[in-house]
Amino acid sequence: LLPFGVVPVFADMGKLGGALGSIAIWLTIPFSTLLGWAYMSLDQVGESSANPFEGNANDVPISQICRDIEIELRSGLGEADLPKPLMPVNDIAT
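Shown next as structure tokens:
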């Protein structure tokens, strides 16, 4: 539906004349492609960041943050038996 919405706009641009007057209506194709790509990219970004605590590569490393806080608090209390920090798995913090 996107190309049909912008065809009248490009048709009006063609009526103005000038250098782009004769090809203005054909600019609908690359413009619609570019705009569709932008919408699809925005949808993919929204879908991949919808649940930031899922444990994927781009998510918040909540387990590592919690373990670091636990280590800091327990060391602040003077405990000697501290848990080891969580190491990244395949270069991804979990």
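All residue numbers for the sequence shown refer to our numbering, where the first residue is 1164 and numbers rise by one.
Ideal Cβ placement from N, Cα and C applies to all residues, glycine included.
Here the structure is a predicted model, which is why all the values come from computation and not from measurement.
Ser1185: not part of any alpha helix (DSSP H); DSSP gives it neither H nor E. Between the alpha carbons of Gly1177 and Trp1200 lies a gap of roughly 24 angstroms.
The C-alpha of Gly1241 is placed about 34 angstroms away from the C-alpha of Asn1219. In this structure, Phe1173 keeps its C-beta atom at 7 angstroms or more from the C-beta atom of Ile1192.
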